[in-house]
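Numbering of the sequence shown is given in our numbering, commencing with residue 2 and proceeding in unit increments. C-beta atoms are modelled at their ideal positions from N, C-alpha and C, and glycine is treated no differently. As the structure is a computational prediction, the values presented were derived from the model and not from experiment.
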Amino acid sequence: MKLYFTPGTCSFAPHLAIRELGLDVELRRVRLGADPVVVADGRDFRQINPLGYVPVLELDDGRILTEGSAMLLHLADAHPDGGLAPPAGSAERDELHRWLVFIGTELHKTFSPWLFHPEYGEQAAQVARERLFKRLAVVERQLDGRPYLLGDRFGIADAYLFTVVDWVRPLKIALDDYPHIAAYLERVRARPAVAEALRREKTP
Ligand SMILES: N[C@@H](CCC(=O)N[C@@H](CS)C(=O)NCC(=O)O)C(=O)O
């Protein structure tokens, strides 16, 4: 399995799930931009993902998966003993799907591109921040009394939530009004798999 990734981006979510599951993976670093390239060999990354974005997961059978949530579900379902997702057909699984879609559409795509690209202008960033705060309030309520998004157990939704909400750090967004989220980020950050994934991304 190969993971095309860029440090500091949403590709950390499938990477974290891979480390939580203790799987082997070859990391391929991608330099994003107008002409994204695979750093190791200078290949045009659009040959792998025509839209030029990470993450991309290349499976051992040669299949290429794009879309982080699809990768997370694939990883959890291929390794059910890892306990990163509730079984298909359960009410908990419905909740997982709901949260993955919420994180992808309401959080991830509010943070990025609007808060990371100054070229959109301060007005767009302000609208995005207001949108984000309303959505963080929903997460804050969910985390009240729950160590992880779906309850007592870390799962793939947490890999994704941690990855995107931790962008408050580079963006210098204070979490004073969101104490449960702040505690949650530290709880997830303390997991050995996070340290392992960060270490591997420095020296892939
Ligand atoms: N829908 C994709 C979005 C992935 C995405 O937004 N990737 C960002 C990094 S967080 C990226 O590579 N952006 C560069 C670009 O779009 O050119 C997914 O959920 O996997």
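Given this structure, state the Cα-to-Cα distance separating PRO51 from GLY43, to the nearest angstrom.
As a first step, residue 51 is located in the sequence shown; it is residue number 50 there, counting from the start. As a first step, residue 43 is located in the sequence shown; it is residue number 42 there, counting from the start. PRO51 and GLY43: Cα-Cα distance of roughly 16 Å.
Is it true that the CB of VAL26 sits closer than 7 Å to the CB of LEU4?
What you label residue 4 is simply residue 3 of the sequence shown in a count that begins at 1. What you label residue 26 is simply residue 25 of the sequence shown in a count that begins at 1. For LEU4 and VAL26, yes; Cβs fall inside 7 Å.
Give me the pocket residues for ligand 1, defined as CB within less than 7 Å of any heavy atom, sorted by chain position.
THR7, THR10, CYS11, SER12, LEU33, PRO37, LEU52, GLY53, TYR54, VAL55, PRO56, THR67, GLU68, GLY69, SER70, GLY105, HIS109, SER113
Using alpha carbons as the reference points, say which of VAL102, ALA79, SER113, ALA126 lies closest to GLY206.
Lying before the first or after the last residue shown, residue 206 is absent from the chain, which here runs from 2 to 205.
Bounding residues of the alpha helix (DSSP H) (the contiguous stretch that carries TYR161):
One-based indexing of the sequence shown puts residue 161 at position 160. Start and end: 157 to 166.
Identify the residues that DSSP records as bridge partners of VAL31: which are they?
For this step, residue 31 is matched to residue 30 along the sequence shown. Looking at the DSSP assignment, VAL31 forms a beta bridge with VAL39.
So LEU60 is in the beta strand (DSSP E); what residue range does that whole segment cover?
Residue numbering aside, residue 60 sits at position 59 when the sequence shown is read from its first letter. Element bounds for LEU60: n/a, residue is neither H nor E.
What is the rounded straight-line gap between the Cα of GLU68 and the Cα of ASP178?
In the sequence shown, counting from the first residue as 1, residue 68 sits at position 67. In the sequence shown, counting from the first residue as 1, residue 178 sits at position 177. Distance between the alpha carbons of GLU68 and ASP178 is about 31 Å.
Are the CB atoms of ALA138 and TRP115 within a distance shorter than 7 Å?
As a first step, residue 115 is located in the sequence shown; it is residue number 114 there, counting from the start. As a first step, residue 138 is located in the sequence shown; it is residue number 137 there, counting from the start. Not in contact: TRP115 and ALA138 (Cβ atoms no closer than 7 Å).
What residue range is occupied by the uninterrupted beta strand (DSSP E) comprising GLU174?
Within the sequence shown, numbered from 1, the residue matching residue 174 stands at position 173. In the sequence as presented, Glu is not what sits at residue 174; that position holds Ile. Neither: ILE174 is in no beta strand (DSSP E) and is coded neither H nor E.
Quick check on DSSP: helix, strand or coil for PHE117?
Start at 1 with the first residue of the sequence shown, and residue 117 comes out as number 116. Coil, per DSSP.
Is the beta carbon of HIS181 sitting closer than 7 Å to the one on GLU141?
Taking the sequence shown and counting its residues from 1, the one referred to as residue 181 is at position 180. Taking the sequence shown and counting its residues from 1, the one referred to as residue 141 is at position 140. A contact, by the Cβ cut-off of 7 Å.
Expected contact under 8 Å - CB spacing of LEU28 and SER70 to nearest Å
For the purposes of this step, residue 28 is taken as residue 27 along the sequence shown, with counting starting at 1. For the purposes of this step, residue 70 is taken as residue 69 along the sequence shown, with counting starting at 1. Incorrect: roughly 20 Å between the Cβ atoms, too far for contact.
When you compare only the Cα positions, how much space is there between THR164 and CYS11?
Taking the first residue of the sequence shown as 1, we reach residue 164 at position 163. Taking the first residue of the sequence shown as 1, we reach residue 11 at position 10. Between THR164 and CYS11, the C-alpha separation is close to 6 Å.
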